[in-house]
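Step one of this worksheet: look at the structure below.
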Amino acid sequence: MDRPLTLVEHLNELRKRIIISLAALVTAVILSSPFSSLIFKVLKFPAQDAIKRLVFFSPQEAFLMYVNISLISGLIISLPVILYQAWLFILPAVEHRLRKYAVCFVGFCFVSFIAGCLFAYFILIPTALKFLLGFAGSELEPLISIDKYISFVNALMFGCGLVFEIPMVSLILTKIGVVNPRLLRSKYKYALVVILIIAAVITPTTDVFNMLILAIPMLLLYEIGIGVSFLSCRKKASYAYR
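One gets the numbering used here by counting positions in the sequence shown from 1 and adding 233 to each.
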């Protein structure tokens, strides 16, 4: 049986995991920097039908845009390492029989994050742009800076990536005994309110339609999280009776 760690040991362990994660992030940012121009073209693709040209209003804006792209790209590339370090940090609270699933944890979290980013890229961003720019009509022509556009895209993709982690978070919290399916089901009304608030914050539009585009998948993910929690508790009970 593992010896419980003291507060100082927990802090030292946290510092170690943060340092390794930052080192992986910096390395990934450096490696992705030469491809920032190509990544910019990819990020601009959802707006090709809505925005003819992006502009910049200060000498340093284009440079900062590429720095921003490199940072986000580096974060995504280094995410498996960051997730693995997070797993190692919570490892003392995880049952011994579950510790061998580190690769599965990292893999599912990474795939879920990428799925959220793709959802934002192919569905949420084009829909939001079409709605927002539709207010201009035929009399106005959009003049959008590259900094504002990239910030807009990154915020939606990163936010959706985090939202798609709901089932995995539910599984982890169930495994360490923080939540159970009955608790998640009983708090459904509160979860609904929180989901609507998060959707309203992440979605850059003020209309209900675009907010529901994000809120409905979040509700489905919450239901999946309840199902995952149920299966986890059921499996844990089967092990207890062996």
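Ideal placement from N, C-alpha and C gives every residue a C-beta, glycine not left out. Remember, it's a predicted structure, so these values are computed and weren't measured experimentally.
Residue j beta carbon less than 8 Å from that of residue i
{"i": "S345", "j": "S403", "result": "no"}
{"i": "A295", "j": "Y317", "result": "no"}
{"i": "V314", "j": "S266", "result": "no"}
{"i": "Y382", "j": "A448", "result": "no"}
{"i": "W320", "j": "F338", "result": "yes"}
{"i": "L304", "j": "V262", "result": "yes"}
{"i": "L452", "j": "F397", "result": "no"}
{"i": "K311", "j": "A257", "result": "According to the sequence displayed, residue 311 carries Ser and not Lys. Going by C-beta atoms, S311 is nearer than 8 Å to A257."}
{"i": "F273", "j": "I309", "result": "no"}
{"i": "A353", "j": "M298", "result": "no"}
{"i": "F322", "j": "L271", "result": "no"}
Residue i in three-state terms, based on DSSP
{"i": "L316", "result": "helix"}
{"i": "G349", "result": "helix"}
{"i": "S254", "result": "helix"}
{"i": "F385", "result": "helix"}
{"i": "P267", "result": "helix"}
{"i": "A280", "result": "helix"}
{"i": "T239", "result": "coil"}
{"i": "G370", "result": "coil"}
{"i": "P202", "result": "Since the first residue of the chain shown is 234 and the last is 475, residue 202 is not available in this structure."}
{"i": "P359", "result": "helix"}
For residue i, the residue or residues it bridges with in DSSP
{"i": "L287", "result": "I377"}
Near the ligand FMN: residue i beta-carbon under 7 Å from a heavy atom
{"i": "F352", "result": "Among the components modelled here there is no ligand, and therefore nothing to report on the ligand FMN."}
With 16 other Cβ atoms within 10 Å as the buried cut-off, status of residue i
{"i": "A424", "result": "buried"}
{"i": "D380", "result": "buried"}
{"i": "T239", "result": "exposed"}
{"i": "V275", "result": "exposed"}
{"i": "P225", "result": "Any question about residue 225 goes unanswered here, given that the chain covers just 234 to 475."}
{"i": "N245", "result": "exposed"}
{"i": "I430", "result": "exposed"}
{"i": "V426", "result": "exposed"}
{"i": "R475", "result": "Legend: pLDDT at R475 = 48, less than 50; position of this residue unreliable, no value from coordinates given."}
{"i": "D282", "result": "exposed"}
If you scan the segment 396-467 from start to end, which runs of the alpha helix (DSSP H) of 4 or more residues do you find wholly inside it?
-> 399-408, 414-419, 421-435
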